[in-house]
Amino acid sequence: MDYETRSAEPIETRNEDDHDDGLNTAVAAVDELRTAVEEHRSATDERITTELRGITERLDAIDLRTQRPGNRTEERRDDNAIERRAFTGFLRHGREGLPADEVRSLRVADDTAGGYLAPAQFVAEVIKGIVEVSPVRQAARVGSTASGSVILPKRTGRPTARWVGETETRTGTESTYGQVEIPVHEMAAYVDVSLRLLEDAAVNVESEVAMDLAEEFGRLEGVALVNGDGFKKPTGFMTDTNVEFTPTGNASTLGSAPADTLIDLMYAVPAFYRNSGVWMMNGNTLAAIRKLKDGQNNFLWQPSYQAGQPETILGRPVIEAPDMDDVGSAAEPIVFGDFARAYRIYDRLQLSIMRDPYSQATSGLVRFHARRRIGGGVVLAEALRKLKCATS
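First residue of the sequence shown? That's 1 in the UniProt record's numbering, and the numbers climb one at a time after it.
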């Protein structure tokens with residue numbers, strides 16, 4: 001047997017030089033990637049640094065402008081702080097115990113009486129307390145004035161029109177106007193504070209004085225705004241003869257059908273004012289009204305199920321005013337209407353305080369005399385309607 005001998009293909013081998021070339025290529029690629037990353041990071045760091053430097057420069061410029069001596073906001077903030085500090089020092093120690101810079105910051109109300117005007121925040125606290133005592137302010141329109149009276153224009157007559165034929169002579173007509181004057185009256189009160197309270201730095205003497213003044217001013221103001229006769233005090237809406245009334249049908253009670261009477265009272269007010277109407281009565285009357293039911297045995301009074309919303313009677317809010325009449329002979333225990341349009345209150349909000357350390361010294365007290373000036377009156381009687389215990 002013959003055999004053929006063939007030569008095998010030569011085996012390819014890698015030499016050491018080829019291995020070195022591959023490794024070098026990989027190392028070069030890694031180095032290139034590392035270099036690119038470093039360059040990108042450097043560029044990013046430089047960009048962020050530049051942006052931060054610009055932001056810092058802008059903030060520095062803003063700070064520089066706000067710290068200028070003529071900056072009004074900063075001055076106002078500092079003035080308020082100095083004024084409050086000076087007023088507190090005046091309450092504690094009197095004018096004689098204040099340094100010269102604080103004496104200059106006190107606002108003089110009356111040189112002859114030695115009174116000083118209270119800071120705005122102090123006045124706001126007093127007014128807040130008055131609102132809680134005298135709820136008329138919650139419903140009426142409140143403004144401020146710097147004069148002794150406020151004069152408002154009022155339309156006293158409306159233009160009239162009539163149907164005419166094509167060539168019939170037309171007659172002229174025009175509105176007539178008058179004025180309503182609301183004079184500003186002064187009320188005064190004083191509060192006594194013990195020397196120990198004034199000497200104790202831990203006690204907020206401003207709060208003590210503000211609370212006492214709010215209580216007394218609120219009591220006095222509430223009586224006047226409801227039942228004031230206009231003599232040295234505002235004219236109340238219940239004493240204004242232009243406000244009409246609805247009789248109950250009984251001289252001393254709410255009548256035989258008080259629920260119907262309330263409906264009659266409510267709808268005696270024009271719809272324009274009725275839709276914004278508010279009931280006002282004292283607690284005794286409100287207790288009686290809460291027991292009334294309609295023909296379906298539902299209470300006329302409805303509680304509020306939502307926080308911040310008032311209770312209602314016939315769908316309209318109720319304000320409890322302690323100075324309203326009780327139900328009785330010829331009394332007018334309830335009023336309904338749009339108080340915001342009907343009644344105006346004007347404040348001279350500058351509250352003057354005078355410190356008297358002598359008259360009550362034997363009792364260990366310092367007396368603070370306070371003055372306020374306010375005005376109030378009905379400007380639109382048709383927006384209100386009273387309920388009167390009367391047969392007609």
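Built from N, CA and C at the ideal position, the CB exists for glycine as well.
Keep in mind the model is a prediction, meaning the values are calculated, not measured.
query: Simplified DSSP state of Ala-189, which is helix, strand or coil; result: strand
query: Buried or exposed by the 16-neighbour rule on C-beta atoms within 10 Å, applied to Glu-181; result: exposed
query: Buried versus exposed, by CB contacts within 10 Å (16 or more), Trp-279; result: buried
query: Beta-carbon spacing of Ile-334, Thr-285 below 8 Å; result: yes
query: Span of the beta strand (DSSP E) around Tyr-177; result: 176 to 183
query: Own chain, CB closer than 7 Å to Arg-76, minus 5 neighbours either side, in chain order; result: Note on Arg-76: pLDDT 44, under 50, position unreliable in the model; the coordinate value appears next. If we look at Arg-76 and ignore the five residues flanking it on each side, it has no Cβ neighbours.
query: Inter-residue spacing [alpha-carbon to alpha-carbon] between Leu-197 and Lys-386; result: 47 Å
query: Neighbourhood of Arg-170 by C-beta, 7 Å cutoff - its chain only, sequence neighbours within 5 removed; result: Val-164
query: Alpha helix (DSSP H) segment containing Thr-261, residue limits; result: 258 to 267
query: Beta strand (DSSP E) runs wholly inside the region 343 to 384, at least 3 long, in chain order; result: 343 to 356 and 365 to 378
query: Where Leu-314 falls: helix, strand or coil (DSSP); result: coil
query: Paired residues, beta bridge with Val-278 - DSSP; result: Gly-337
query: Member of Val-366, Glu-332 and Arg-344 whose CA lies at the smallest distance from the CA of Ile-353; result: Val-366
query: Reduced DSSP secondary structure (H/G/I, E/B, other) of Phe-245; result: strand
query: Whole-angstrom C-beta distance between Arg-290 and Trp-301, which should lie under 8 Å; result: 4 Å
query: Local conformation of Glu-74 per DSSP, three classes; result: Any reading at Glu-74 must be qualified, since the residue scores a pLDDT of 44, below 50, and its modelled position is unreliable; no value is offered.
query: Secondary structure of Leu-254, DSSP reduced to three states; result: coil
query: Val-209: first and last residue of the uninterrupted alpha helix (DSSP H) it sits in; result: 205 to 227
query: Given 8 Å, three or more beta-carbon pairs between the region 354 to 361 and the region 316 to 326; result: no
query: Cutoff 7 Å; reference Ile-177; Cβ partners in own chain excluding five residues on either side; result: The question names Ile, but residue 177 is Tyr in the sequence shown. So the list reads Pro-153, Lys-154, Arg-155 and Thr-156, once near-sequence residues are dropped.
query: Given Tyr-358 as reference, the closest of Thr-248, Val-193 and Lys-293 once Cα atoms are compared; result: Val-193
query: Given Ile-319 as reference, the closest of Val-133, Asp-45 and Glu-46 once Cα atoms are compared; result: Val-133
query: Rounded C-alpha distance that separates Leu-23 from Glu-32; result: 14 Å
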